[in-house]
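One structure is given below, encoded as structure tokens.
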Amino acid sequence: MNTGMSVIVRTITRLVYGPALVFGFYVIMHGHLTPGGGFQGGAVVASAFALLLVAFGAAGVKGHLNAHLLQTLEEIGALAFLALGFVGIGTAFFYNLLANSGPLFGGPVVPLGSNSGVFNAGGTLPLMNWAVGLKVMTGITAIVIAMLVGARKEESE
Amino acid sequence: MKKAIILVAFLFVAAFLLLAATSMRPFGEPSFADMDDYFIAHTQAEVAANNAVTAVVFDYRGFDTLGEATVLFAAVVGVLALFRKLREDER
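In structure tokens, the structure reads:
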């Protein structure tokens, strides 16, 4: 069974993997401040995992990435997103109850104009970004793993 | 003969698109800008988020995002079910 690509690709993957993860999590964390959000950052993190899978092969990451665990995490993200939608059900579905009130992301009204960098603001937006980010990164990684393993199985037949 | 038909079809579609392009509105001037103006003016005060796009996606249009998330969930479940079938066959 093929275990991965050449040593050049594996070395570059080792170099790029960490910064790609950090950038992806940064895009998810700062979804309510800077361009990007849960979907985009989750896709960046998933692309880092996909790079790992392509470079080291399905056998190389066996035991580190489990498709069923990833699927469970994806469902947890989906349920968290739905639960956050129900937080403001007293007013309306997806009403932002936490904005401008309370200690959890209910920070001050952000000053108008360009990015002021107030992280503790946005109400449910950061929490929803984290939920969607978890969902997207684990979901796409699970798809890539399942397809890679399935393709390898077909190849070896 | 076949090439002539393809050429005529291509020219027809291209002329149609060019005709539509001549009557397009100028860039940055949509016919209805009321919602855009509301989002730009009220996002930072109502949602306390600097990123107006995230505010629209997760707050004002949260229900759309729920649909998107459901699409991704369906895709993951479908792919895993498809390849699990292949794995069961091998046993």
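In order, the protein sequences belong to chains A and B.
To convert, note that position 100 of the first sequence is 85 in my numbering; the numbers rise steadily by one, no gaps.
Converting from the second sequence to my numbering requires adding 3 to each position, the first position being numbered 1.
We put the CB at the ideal spot given by N, CA and C, even for glycine.
Here's the rule: buried if 16 or more other CB atoms are within 10 angstroms of the residue's CB, otherwise exposed. What is residue i?
{"i": "E59 (chain A)", "result": "buried"}
{"i": "M(-14) (chain A)", "result": "A caution first: M(-14) (chain A) carries a pLDDT of 45, below 50, which makes its placement in the model unreliable, though a value can still be read off. When all chains shown are included, M(-14) (chain A) counts as exposed."}
{"i": "F86 (chain B)", "result": "buried"}
{"i": "L69 (chain A)", "result": "buried"}
{"i": "T109 (chain A)", "result": "buried"}
{"i": "A106 (chain A)", "result": "buried"}
{"i": "V50 (chain B)", "result": "buried"}
{"i": "F24 (chain A)", "result": "buried"}
{"i": "I74 (chain A)", "result": "exposed"}
{"i": "T76 (chain A)", "result": "exposed"}
{"i": "L18 (chain A)", "result": "buried"}
{"i": "A48 (chain B)", "result": "exposed"}
{"i": "G70 (chain B)", "result": "exposed"}
{"i": "L14 (chain B)", "result": "exposed"}
{"i": "A63 (chain A)", "result": "buried"}
{"i": "H15 (chain A)", "result": "buried"}
{"i": "R94 (chain B)", "result": "Confidence is the limiting factor: at R94 (chain B) the pLDDT is only 47, short of 50, which leaves the residue's position unreliable, though a coordinate-based value still follows. Answer is exposed; the Cβ neighbour count stays below 16."}
If residue i and residue j are in contact, beta carbons under 8 Å, what's the gap, nearest whole angstrom?
{"i": "I128 (chain A)", "j": "V82 (chain B)", "result": "5 Å"}
{"i": "F79 (chain A)", "j": "A116 (chain A)", "result": "Not quite, the Cβ-Cβ distance comes to about 13 Å (not below 8 Å), so this is no contact."}
{"i": "T57 (chain B)", "j": "N114 (chain A)", "result": "7 Å"}
{"i": "A28 (chain A)", "j": "V121 (chain A)", "result": "6 Å"}
{"i": "G(-11) (chain A)", "j": "G45 (chain A)", "result": "5 Å"}
{"i": "A60 (chain B)", "j": "G22 (chain A)", "result": "Strictly speaking, residue 60 (chain B) in this sequence is Val, with Ala absent from that position. Correct: roughly 7 Å between the Cβ atoms."}
DSSP three-state call for residue i: helix, strand or coil?
{"i": "F45 (chain B)", "result": "The residue you asked about is not Phe; residue 45 (chain B) is His in the sequence shown. Reduced to three states, the DSSP call for H45 (chain B) is helix."}
{"i": "F41 (chain A)", "result": "helix"}
{"i": "A51 (chain B)", "result": "coil"}
{"i": "V72 (chain A)", "result": "coil"}
{"i": "E71 (chain B)", "result": "helix"}
{"i": "M38 (chain B)", "result": "helix"}
{"i": "N51 (chain A)", "result": "coil"}
{"i": "N85 (chain A)", "result": "coil"}
{"i": "R94 (chain B)", "result": "In this prediction, R94 (chain B) has a pLDDT of 47, which is less than 50 and means its spatial position is unreliable; nothing more can be read from the coordinates."}
{"i": "G107 (chain A)", "result": "coil"}
{"i": "R28 (chain B)", "result": "coil"}
{"i": "V30 (chain A)", "result": "helix"}
{"i": "Y80 (chain A)", "result": "coil"}
{"i": "V129 (chain A)", "result": "helix"}
{"i": "V59 (chain B)", "result": "helix"}
{"i": "G81 (chain B)", "result": "helix"}
{"i": "M113 (chain A)", "result": "helix"}
{"i": "G135 (chain A)", "result": "helix"}
{"i": "L64 (chain B)", "result": "First, the residue type needs correcting, since residue 64 (chain B) is Arg and not Leu in the sequence shown. Reduced to three states, the DSSP call for R64 (chain B) is coil."}
{"i": "F90 (chain A)", "result": "coil"}
{"i": "M4 (chain B)", "result": "coil"}
Identify which residue in the options has its Cα closest to the Cα of residue i.
{"i": "R42 (chain B)", "options": "B:L22, B:A24, B:F35, B:Y63", "result": "Note that residue 42 (chain B) corresponds to Phe in the displayed sequence, not to Arg. Considering only alpha carbons, the answer is B:Y63."}
{"i": "A33 (chain A)", "options": "A:H49, A:Y2, A:G62", "result": "A:Y2"}
{"i": "T123 (chain A)", "options": "A:L6, A:T(-4), A:I(-3), A:R(-1)", "result": "A:L6"}
{"i": "N54 (chain B)", "options": "A:A116, A:P96, A:V121", "result": "A:P96"}
{"i": "L55 (chain A)", "options": "B:A24, B:V79, B:M38, B:G70", "result": "B:V79"}
{"i": "I13 (chain A)", "options": "A:A131, A:P111, A:I130, A:V(-8)", "result": "A:P111"}
{"i": "R(-1) (chain A)", "options": "A:A40, A:G21, A:F8", "result": "A:A40"}
{"i": "S(-9) (chain A)", "options": "A:L37, A:G118, A:G62", "result": "A:L37"}
{"i": "G118 (chain A)", "options": "A:I61, A:L83, A:N85", "result": "A:I61"}
{"i": "A31 (chain A)", "options": "A:L18, A:L50, A:P20, A:A44", "result": "A:L50"}
{"i": "L133 (chain A)", "options": "A:A63, A:G42, A:F104", "result": "A:G42"}
{"i": "A84 (chain B)", "options": "A:I(-7), A:I130, A:I(-3)", "result": "A:I130"}
{"i": "F66 (chain B)", "options": "A:S86, A:F71, A:L83", "result": "A:F71"}
Taking 8 Å as the cut-off, does the CB of residue i come closer than this to any heavy atom belonging to the ligand COA?
{"i": "I(-3) (chain A)", "result": "Looking at this structure, you won't find the ligand COA or any other ligand, since it has none at all."}
Using a Cβ-Cβ cut-off of 9 Å, state whether residue i counts as contacting chain C.
{"i": "L10 (chain B)", "result": "Among the protein chains in the structure shown, which are A and B, there is no chain C."}
Could I get the ranges of all uninterrupted beta strand (DSSP E) runs contained in the region -6 to 28 of chain A, with 3 residues as the minimum, in chain order? The region -6 to 28 of chain A contains no whole beta strand (DSSP E) run of 3 or more residues.
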